[in-house]
């Protein structure tokens, strides 16, 4: 099935204007619209400049996961042009149609196919136009901004392109796309230079903090020690001392801000003003430790769970294990930052490192009673996010202050602000019970956990909506709770409790804490029944399994491969007081990504026999994520995940 659409401005002389289908979407606070991308949307991501260079407006935000590089490689493969001929950029909200937030590890799975179809459509349209001008019109190919035929005659892309180009948009089957059907690829699987690497290395405008505007001032909100829901009050502020600081500009107060905002002519003055302010806050008393609040044994004692599923038989347990994991902060390299400017016509421009520029735009429209077309949010590279920069914080602060100050404002949180005012991974309290039968297999599995919200979090939705969402759970918290292994009977329970701190998405959401508990219990069950950990796991991976959890065969291959790699190297031999051992673990993420790892762990004891140091000497990891578009990017993701996991288990 196909249809004809007209793409205005596919190429305009003297530059390039994005061919996008811009449609206004009303805000349904606070849940953003998240449409699935289609080929027609993807045509708005591609542009051909008058100089004959393809431009790709990345529909995914870049936070170090390498998605801009991967999408450029995919587009190059389908177009049949070198990646260097494609200029990939992060868009502003007036350049492309609304896209989903960059969350959920779904970028390639959801955006690769529409992009490939769009590139195939554009390629065929341009080559067809070239064929009408070249004779013979055989073996046409792109070469250095031209279309060349079999005898070397050519026509430039700027000559072919016209202001209006009729395109037949066809939802081509996968087998007709080069990116997915070719027996060998020219660019996919071979890698390429990291997108934006020149700007990063040379200090170009890659991040929001790099933006400099004329007459710009700097701002910082005095953040209270407690979340606004707990109604902290500012008892005193040395405003006179603040005003005496050289470079003082203003103190802005607004009901939407958590505290007064200091405005300075330069960052150094801002630091001095913060030091001089000496704010004194009063807050709630008797706040209970979050780890006490989510205590799993308390939930089991009252049988008070948000969601329960399955059943197990009564009887003694082979394993009865408890695991508690604390709150965890993102600690991204880049403290969040935004630059806001109100123009003379009342329009608002914002530069920010965000995972969802469109939702940010919607919130700003509501905050300032502006139509969407009067707000442009320019997405910048995110210096570490993975769920940590979805909710709009500095973006809204900067806009409120810029409006009050009447000047462009740059607002960047300090490291202290990041730990104090941002949201955290909720704590988890696990209880896992397993019964191993006479056949050496687990017959009954019971996993109960208590935590707080990830999706429907107090950091992003109002109190009245929190009460509604409490009724139907939180899939983010429960992610990874279902084990990939096959048991005769299994039960899962989880409880959600609102906490006096902001909680929210953290890399992998609940999968990290939940899979850690599962794998620890599997090890304990193997040890208690006298079985080798790898073979014990493989014994529970026969059969098809739950398709929503994942393919057991692919997971088993990862387990075997990780074990094979580790066997090639002997365990380290240490001196007195030291010991080395290896452990195996793995998991499936969202039914699409499979990983297993063997870690060699070194323990060092002091003269009293107490453990004084625990470190991981080496890790062997096998990972199956499907088609690898950028090998370097996948390797970086694996290494980043391993380092992140080490931090989670050893330090955080």
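Numbering (our numbering), first residue to last: 1 to 652.
Quick reminder that beta carbons are idealized off the backbone N, C-alpha and C, glycines included.
Separation of residue j from residue i, as counted between CA atoms
i           : j           : result
residue 99  : residue 438 : 53 Å
residue 261 : residue 544 : 58 Å
residue 638 : residue 623 : 8 Å
residue 228 : residue 621 : 43 Å
residue 20  : residue 115 : Per-residue confidence for residue 20 stands at a pLDDT of 28, beneath the threshold of 50, marking its modelled position as unreliable; no derived number is given.
residue 387 : residue 103 : 7 Å
residue 436 : residue 509 : 30 Å
residue 576 : residue 642 : 29 Å
residue 359 : residue 96  : 14 Å
residue 468 : residue 304 : 18 Å
residue 553 : residue 535 : 14 Å
residue 44  : residue 351 : 21 Å
residue 329 : residue 154 : 57 Å
residue 644 : residue 159 : 50 Å
residue 23  : residue 361 : Unreliable positioning characterises residue 23 in this predicted model, as indicated by a pLDDT of 29, which lies under 50. The coordinate reading is nonetheless provided below. Answer to the nearest angstrom: the Cα atoms are 14 Å apart.
residue 559 : residue 283 : 50 Å
residue 326 : residue 613 : 21 Å
residue 470 : residue 189 : 44 Å
residue 59  : residue 106 : 12 Å
residue 145 : residue 185 : 21 Å
residue 273 : residue 248 : 7 Å
residue 297 : residue 308 : 16 Å
residue 354 : residue 597 : 32 Å
residue 501 : residue 209 : 27 Å
residue 318 : residue 531 : 13 Å
residue 418 : residue 225 : 12 Å
Assigned secondary structure, residue i (DSSP; H/G/I helix, E/B strand, else coil)
i           : result
residue 632 : helix
residue 465 : helix
residue 117 : helix
residue 9   : With a pLDDT of only 33 at residue 9, under 50, the local geometry of the prediction cannot be trusted, and the value read off the model is given with reservation. In this structure, residue 9 counts as coil in the three-state DSSP scheme.
residue 124 : helix
residue 321 : strand
residue 26  : With a pLDDT of only 34 at residue 26, under 50, the local geometry of the prediction cannot be trusted, and the value read off the model is given with reservation. Residue 26 falls in the coil class under three-state DSSP.
residue 188 : coil
residue 342 : strand
residue 253 : coil
residue 174 : helix
residue 608 : coil
residue 95  : coil
residue 498 : coil
residue 310 : strand
residue 223 : coil
residue 211 : coil
residue 294 : coil
residue 504 : coil
Closest residue to residue i among the options (Cα-Cα distance)
i           : options            : result
residue 300 : 447, 627, 349      : 447
residue 589 : 524, 503, 482      : 482
residue 602 : 564, 615, 180      : 615
residue 441 : 392, 522, 242      : 522
residue 232 : 285, 134, 78       : 285
residue 177 : 157, 106, 80, 143  : 80
residue 267 : 245, 524, 555, 366 : 245
residue 152 : 574, 517, 392, 139 : 139
residue 87  : 48, 281, 67, 206   : 48
residue 583 : 112, 366, 516      : 516
residue 415 : 94, 335, 113, 357  : 335
residue 556 : 373, 196, 180, 594 : 594
residue 277 : 331, 238, 505, 252 : 238
residue 287 : 372, 150, 498      : 498
residue 113 : 263, 148, 71, 133  : 71
Residue i Cβ short of 6 Å to the ligand PLP heavy atom set
i           : result
residue 378 : Absence of the ligand PLP is noted for the structure shown, with no ligands found whatsoever.
8 Å contact criterion, which residue i and residue j should meet: CB distance rounded
i           : j           : result
residue 496 : residue 306 : 5 Å
residue 533 : residue 591 : Contact flag wrong, Cβ pair sits at about 24 Å.
residue 313 : residue 433 : About 11 Å separates the two Cβ atoms, so there is no contact after all.
residue 78  : residue 119 : 4 Å
residue 480 : residue 511 : 3 Å
residue 428 : residue 451 : 5 Å
residue 364 : residue 520 : Their Cβ separation, rounded to whole angstroms, is 45 Å, which puts residue 364 and residue 520 out of contact at 8 Å.
residue 394 : residue 332 : With a Cβ gap of about 13 Å, residue 394 and residue 332 do not count as contacting.
residue 157 : residue 52  : 4 Å
Closer than 7 Å to chain B by CB, residue i
i           : result
residue 378 : Checking the listed chains, one finds no chain B in this structure; it contains a single protein chain.
### Message
Does the contact criterion of 3 or more C-beta pairs under 8 Å hold for the stretch 407-423 versus the stretch 474-483?
### Response
no
### Task
Could you say if the stretch 455-472 and the stretch 480-494 meet the contact criterion of at least three C-beta pairs nearer than 8 Å?
no
### Query
For the 8 Å Cβ check, are there 3 or more pairs between the stretch 208-223 and the stretch 255-270?
yes
### Message
With three or more beta-carbon pairs closer than 8 Å as the criterion, would you say the stretch 370-388 touches the stretch 59-77?
### Response
yes
### Query
Are the stretch 397-416 and the stretch 193-206 touching, with three or more C-beta to C-beta distances below 8 Å?
no
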